[in-house]
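Trainee: Quick mapping for you: the protein sequence lines, in order, are chains A and B.
Each residue of the first sequence is one higher than the one before, counting from 33 in the numbering used here.
Each residue of the second sequence is one higher than the one before, counting from 90 in the numbering used here.
Each residue gets a CB set at the ideal place from its N, CA and C atoms; glycine is no exception.
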Amino acid sequence: MTMTSPTKAPELGLPQPAERAARRPRRFRPGAGKQLQGGPFTYIALAVVGIGSLLPLYWTLVAASHTQDEVLATTPPFLPGGRLMHNLDAAWTQANLGKAIVNSIIVSGCITAATLFFCTLAGYAFAKMRFTGRGALMTGVIATLTIPPQLSVVPLFMMMSDIGWGGKLESVIFPTLVSAFGVFFMRQYLSEALPYELIEAAKIDGANNFRIVLSVVLPVARPAMMVLGMLTFVQAWNDFFWPYLALNQQNPTLQVALGQLSASYTPDQSIVMAGALISTLPLLVVFVIFGKQIVGGIMSGAVKG
Amino acid sequence: MATSTPTRDAFAPPPGGSQQKPASSRRQTWRSRLWRFDDKASPYAYIAPFFLVFGAFGLYPLLYTGWIALHRVELTGLDQMEWVGWDNFDKILHDSEFWTAVSNTFLIGVMSTVPQLLVALGLAHLLNYRLRASTFWRTVILTPYATSVASAALVFALVFRADGGLLNWVLQIVGFGDTNWANGHWTSKIAISVIVIWRWTGYNTLIYLAAMQAVPTDLYEAASLDGASRWQQFRKVTIPSLRPTILFTIVISTIGSMQLFGEPLLLEGGTLGATGGNENQYETLSVYLYNYGWNLGHLGPAAAVAWAMLALLLIIAAVNWLIGRFVRKSAV
Chain A
33 MTMTSPTKAP ELGLPQPAER AARRPRRFRP GAGKQLQGGP FTYIALAVVG IGSLLPLYWT
93 LVAASHTQDE VLATTPPFLP GGRLMHNLDA AWTQANLGKA IVNSIIVSGC ITAATLFFCT
153 LAGYAFAKMR FTGRGALMTG VIATLTIPPQ LSVVPLFMMM SDIGWGGKLE SVIFPTLVSA
213 FGVFFMRQYL SEALPYELIE AAKIDGANNF RIVLSVVLPV ARPAMMVLGM LTFVQAWNDF
273 FWPYLALNQQ NPTLQVALGQ LSASYTPDQS IVMAGALIST LPLLVVFVIF GKQIVGGIMS
333 GAVKG
Chain B
90 MATSTPTRDA FAPPPGGSQQ KPASSRRQTW RSRLWRFDDK ASPYAYIAPF FLVFGAFGLY
150 PLLYTGWIAL HRVELTGLDQ MEWVGWDNFD KILHDSEFWT AVSNTFLIGV MSTVPQLLVA
210 LGLAHLLNYR LRASTFWRTV ILTPYATSVA SAALVFALVF RADGGLLNWV LQIVGFGDTN
270 WANGHWTSKI AISVIVIWRW TGYNTLIYLA AMQAVPTDLY EAASLDGASR WQQFRKVTIP
330 SLRPTILFTI VISTIGSMQL FGEPLLLEGG TLGATGGNEN QYETLSVYLY NYGWNLGHLG
390 PAAAVAWAML ALLLIIAAVN WLIGRFVRKS AV
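1) With DSSP collapsed to three states, give me the class of Gln281 of chain A.
2) Quick check: is the beta carbon of Ile179 of chain A nearer than 8 Å to any beta carbon in chain B?
3) Using a 10 Å radius around the Cβ and a threshold of 16 neighbouring Cβ atoms, would you call Ala407 of chain B buried or exposed?
4) Is DSSP giving His118 of chain A helix, strand or coil here?
5) Compare the C-beta of Lys324 of chain A against all C-beta atoms of chain B and say whether one is closer than 8 Å.
6) Identify whether Trp270 of chain B lies in helix, strand or coil by the three-state DSSP scheme.
7) Between Ile281 of chain B and Leu349 of chain B, how many whole angstroms is the CB-CB distance? I'm expecting something under 8 Å.
8) According to DSSP, is Thr154 of chain B part of a helix, a strand, or is it coil?
9) Taking Cβ positions only, does Asp127 of chain B come closer than 8 Å to chain A?
10) I'd like the list of long-range same chain contacts for Gln126 of chain A, defined as Cβ closer than 7 Å, with 5 residues on each side in sequence excluded.
11) On a CA-only basis, which of B:Asp252, B:Gly389, B:Ala213 and B:Thr338 is nearest Thr202 of chain B? Give me that one, please.
12) Taking 7 Å as the cut-off, is the CB of Ala253 of chain A close to at least one heavy atom of the ligand GDP?
13) What residues from the region 210 to 240 of chain B come within 7 Å of chain A, judged by C-beta to C-beta, listed N to C?
14) Put Gly166 of chain B into one of helix, strand or coil per three-state DSSP.
15) Return the CA-CA distance between Ala242 of chain B and Arg122 of chain B, expressed in angstroms with no decimal places.
16) Count the other C-beta atoms from every protein chain shown that fall within 10 angstroms of the C-beta of Asn119 of chain A, then say buried if there are 16 or more, exposed otherwise.
17) Can you tell me where the alpha helix (DSSP H) holding Ser375 of chain B begins and where it ends?
18) Step through the CB atoms of chain A and report whether any lies within less than 8 Å of the CB of Phe265 of chain B.
19) Please list, in chain order, the chain B residues whose beta carbon lies closer than 7 Å to that of Ala163 of chain A.
20) With 8 Å as the threshold, decide whether the Cβ of Pro187 of chain A is near any Cβ in chain B.
21) Could one say the Cβ of Trp91 of chain A lies closer than 8 Å to chain B's Cβ atoms, at least one of them?
22) For Lys278 of chain B, count neighbouring Cβ atoms within 10 angstroms of its own Cβ and tell me buried if that reaches 16, exposed if not.
23) Can at least three beta-carbon pairs, one atom from the region 290 to 301 of chain B and one from the region 326 to 334 of chain B, be found at a separation below 8 Å?
24) Identify the continuous alpha helix (DSSP H) that holds Gln292 of chain A and give its terminal residues.
25) Residues of chain B with a CB under 8 Å from the CB of Val304 of chain A: which are they?
26) Hey, out of A:Pro207, A:Ser203, A:Glu202 and A:Val80, whose CA is closest to Leu141 of chain B's CA?
27) Run the CB neighbour count on Ala101 of chain B, radius 10 Å, all protein chains shown included, and call it buried at 16 or more, exposed below.
28) Would Ala246 of chain B and Leu167 of chain B qualify as a contact pair, given that the criterion is a beta-carbon distance under 8 Å?
29) Between Phe225 of chain B and Ile341 of chain B, what straight-line distance do the alpha-carbon atoms span, to the nearest angstrom?
30) I think Tyr9 of chain A touches Ala253 of chain A, with their Cβ atoms under 8 Å apart; what is that distance to the nearest whole Å?
31) By DSSP, does Trp274 of chain A sit in helix, in strand, or in coil?
32) Relative to the C-alpha of Pro305 of chain B, which candidate in B:Gln321, B:Trp287, B:Leu331 and B:Asn293 has its C-alpha closest?
33) Going along chain B, which residues have a C-beta under 7 Å from Met190 of chain A?
34) Can you tell me which residues form a DSSP beta bridge with Arg183 of chain B?
35) By DSSP's criteria, Trp269 of chain A is part of a beta bridge. Which residues make up the other side?
36) Any beta-carbon of chain B closer than 8 Å to the one on Met77 of chain A?
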């Protein structure tokens, strides 16, 4: 599998085939000299950066479990306090979080499912099928990556209100049903992971093109779809700009609710932090479970980009 | 095996019908025509969803923005458009707040992109050593990526608060007075840059790391045979090999920094976000667009801002391209 090969490269210390083992002592890695190990300085530097990465998240938890006065006191608290449940409860009712969570799940779920399906189809077509204009169309797909959503929000807002989707989840879901990154990602994966022989064999057996997609392409694409699915879900869950414009207080996603909670007249910071905790926690859980795959996915998406 | 399923299924009922009678020749051609049509049309059918969605919700609105920019449209009456010509562009180009937003976007973009990419490069170099628990380190460094703009901005808003902010508390121990981070022109930009750097450094690190691992090892062998030190190897082998990747991350970060919205909107909490602080000291173009269109309710000028952003983006792209060409030439 191509996706994990960059991740696995540094762990080649295991027994190797004879030919490989003979070459091994002369192997050399950047900056590491003859010993491949990182020194103490490496670990210290990584630990500092790691703490910097996690500290704001820990601080969210701390702030969410105290009263606002305690959080903003001259000596701020460092350990979680006992007000977590109270603040979560307050955030829940003040910011319509129950509805927001359901909305976020619907939006992210629909976007992820549609992106996976459409991007796999398009990625397969670009990777393995011959058709006129393939190169130009693929260039077009990649070019769309460079267009910020800001450029089209004004008419998009008017269109959505025209067709009756103003303030509805459809207005957030439909513009993101398929992504240029996803098409590119699936194309990269399938052009290496899917041998032509497999497609030919299925064709000789009398499968039509869509049949091939269902029974040959999808099984081969599954690992890449897992990764793309997680990346898409993270992005859809965290999206802010367009949902903030398109949705309203009565029908928000989590991020929109959070933004509105903090834009209220006198926001209570510890309740805001409780809301931030609720919106972040699901993804942190996903990260703890699938961290390795997500890391590998970002790296494999980039390596040939 | 995945292939066994289609094989068996396809053999049992021949395509086009389940009868076992020998097919007539006319039927044969009809079927082969169908097959040829399937082969010809399928790729277009598979890529169509992308182009349909992009056309409807990306390209068409993008062009339509230009049309709206020449009209008077209010948030309160979306179906009434009144032709005003270049008035909207006139309005924003003569608004000092617009130019403040342009310079803020540019400054914050530079202040967040440059350190972020440099740190990412260094971190990727460290992660490229053989490490214990390398996956653990990578995951930890990527964790901020899982946080939303909203949560990140709100946590850092607390950290950067003037009274009772975590950062000022730390600085007081070292002996610095109180800094009103959000109020200062530079300090507010630093605060926003820190949020951006925090969220995106890990992501860029992994992109660099992937590119570093693709650098052929014989290049390093040759360099070390020539007596190059580690630093020289990093500069003369690693960096040149990474040039396309670095260019890629610069482009992506530039586009990203053009879009900064949540960070400035939420930096202070309360209602100051829509104007980017009381002196617009951290108002970005996106916030300016939002303020004009959804806070003040004038969508015409907001559309003009969108086109101004497009123009800026094209300028940046041209500059990027020129720099890229210059770097490539001077490297030879």
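Mentor: Looking at the atomic coordinates:
1) Here residue 281 of chain A refers to the residue found at position 249 when the first sequence is read from its first residue. It is coil, neither helix nor strand.
2) Looking up residue 179 of chain A in the first sequence gives position 147. Taking Cβ atoms only, chain B reaches closer than 8 Å to Ile179 of chain A, which makes this a yes.
3) Translated into positions along the second sequence, residue 407 of chain B becomes position 318. By the neighbour-count rule (16 or more Cβ atoms within 10 Å), Ala407 of chain B is not buried but exposed.
4) On the first sequence, position 86 is the one that residue 118 of chain A refers to. Three-state result, His118 of chain A: helix.
5) Stepping through the first sequence from its first residue, residue 324 of chain A is reached at position 292. For Lys324 of chain A, the answer is yes, since a Cβ of chain B falls inside 8 Å of its Cβ.
6) On the second sequence, residue 270 of chain B is found 181 positions in, with the first residue counted as 1. Coil.
7) Within the second sequence, the letter at position 192 stands for residue 281 of chain B. Within the second sequence, the letter at position 260 stands for residue 349 of chain B. Between Leu349 of chain B and Ile281 of chain B the Cβ distance is about 7 Å, and since that is below 8 Å, they are a contact.
8) Stepping through the second sequence from its first residue, residue 154 of chain B is reached at position 65. Here Thr154 of chain B sits in helix by DSSP.
9) Here residue 127 of chain B corresponds to residue number 38 of the second sequence, with the count starting at 1. So yes, Asp127 of chain B belongs to the interface.
10) In the first sequence, the residue the question calls residue 126 of chain A occupies position 94. Correct list, in chain order: Leu293 and Ile303.
11) Residue numbering aside, residue 202 of chain B sits at position 113 when the second sequence is read from its first letter. For Thr202 of chain B, the nearest C-alpha among the options comes from B:Thr338.
12) This structure lacks the ligand GDP; in fact it carries no ligand of any kind.
13) Residues passing the 7 Å Cβ filter: Leu212, His214, Leu215, Asn217, Tyr218, Arg219, Leu220, Ser223, Thr224, Trp226, Arg227, Thr228, Val229, Ile230, Leu231, Thr232, Pro233, Ala235, Thr236, Ser237, Val238, Ala239 and Ser240.
14) Here residue 166 of chain B is taken as the residue at index 77 of the second sequence, counted from 1. The answer is strand: DSSP assigns Gly166 of chain B an E or B state.
15) Within the second sequence, numbered from 1, the residue matching residue 242 of chain B stands at position 153. Within the second sequence, numbered from 1, the residue matching residue 122 of chain B stands at position 33. One C-alpha to the other measures close to 59 Å.
16) Residue mapping note: residue 119 of chain A aligns to position 87 of the first sequence, counting from 1. It is buried - the Cβ of Asn119 of chain A has at least 16 other Cβ atoms within 10 Å.
17) Here residue 375 of chain B refers to the residue found at position 286 of the second sequence. Element bounds for Ser375 of chain B: Leu374 to Tyr379.
18) For the purposes of this step, residue 265 of chain B is taken as residue 176 along the second sequence, with counting starting at 1. False, the Cβ-Cβ gap to chain A never drops below 8 Å.
19) Taking the first sequence and counting its residues from 1, the one referred to as residue 163 of chain A is at position 131. A small fix is needed here, since residue 163 of chain A is Phe in this sequence, not Ala. Residues of chain B passing the Cβ test: Pro132 and Tyr133.
20) Position 155 of the first sequence holds residue 187 of chain A. Cβ-Cβ to chain B under 8 Å: yes for Pro187 of chain A.
21) Position 59 of the first sequence, counting from 1, holds the residue named residue 91 of chain A. Taking Cβ atoms only, chain B reaches closer than 8 Å to Trp91 of chain A, which makes this a yes.
22) For this step, residue 278 of chain B is matched to residue 189 along the second sequence. Per the 10 Å Cβ criterion, buried.
23) yes
24) Within the first sequence, the letter at position 260 stands for residue 292 of chain A. Gln292 of chain A -> alpha helix (DSSP H) spans Leu286 to Ala295.
25) Counting from 1 along the first sequence, the entry for residue 304 of chain A is found at position 272. Chain B residues near Val304 of chain A: Leu243 and Gly358.
26) The residue given as residue 141 of chain B occupies position 52 in the second sequence. Answer by Cα proximity: A:Pro207.
27) Numbered from its first residue, the second sequence carries residue 101 of chain B at position 12. Model confidence at Ala101 of chain B stands at a pLDDT of 41, short of 50, so the residue's coordinates are unreliable; what they give is reported in the following sentence. Answer is exposed; the Cβ neighbour count stays below 16.
28) As a working note, residue 246 of chain B is residue 157 in the second sequence. As a working note, residue 167 of chain B is residue 78 in the second sequence. Taking 8 Å as the Cβ cut-off, Ala246 of chain B and Leu167 of chain B do not qualify as a contacting pair.
29) The sequence position of residue 225 of chain B within the second sequence is 136, counting from 1. The sequence position of residue 341 of chain B within the second sequence is 252, counting from 1. Phe225 of chain B and Ile341 of chain B have their C-alpha atoms some 26 Å from each other.
30) No information on residue 9 of chain A is available, as it lies outside the stretch 33 to 337 that chain A covers here.
31) Numbered from 1 along the first sequence, position 242 holds the residue referred to as residue 274 of chain A. Correct three-state label for Trp274 of chain A: helix.
32) Position 216 of the second sequence, counting from 1, holds the residue named residue 305 of chain B. In this structure, B:Leu331 is the residue among B:Gln321, B:Trp287, B:Leu331 and B:Asn293 with its C-alpha nearest to the C-alpha of Pro305 of chain B.
33) Here the question's residue 190 of chain A lines up with position 158 in the first sequence. Neighbours of Met190 of chain A on chain B, chain order: Leu167.
34) Position 94 of the second sequence, counted from the start, is the residue given in the question as residue 183 of chain B. Contrary to the premise, residue 183 of chain B reads as His rather than Arg in this sequence. His183 of chain B is not bridged to any residue.
35) The residue labelled residue 269 of chain A in the question sits at position 237 within the first sequence. For Trp269 of chain A, which the question treats as bridged, DSSP gives no partner whatsoever.
36) Within the first sequence, residue 77 of chain A is the residue found at index 45, counting from 1. The sequence given here has Ala at residue 77 of chain A, not Met. Judged by the 8 Å Cβ criterion, Ala77 of chain A is in contact with chain B.
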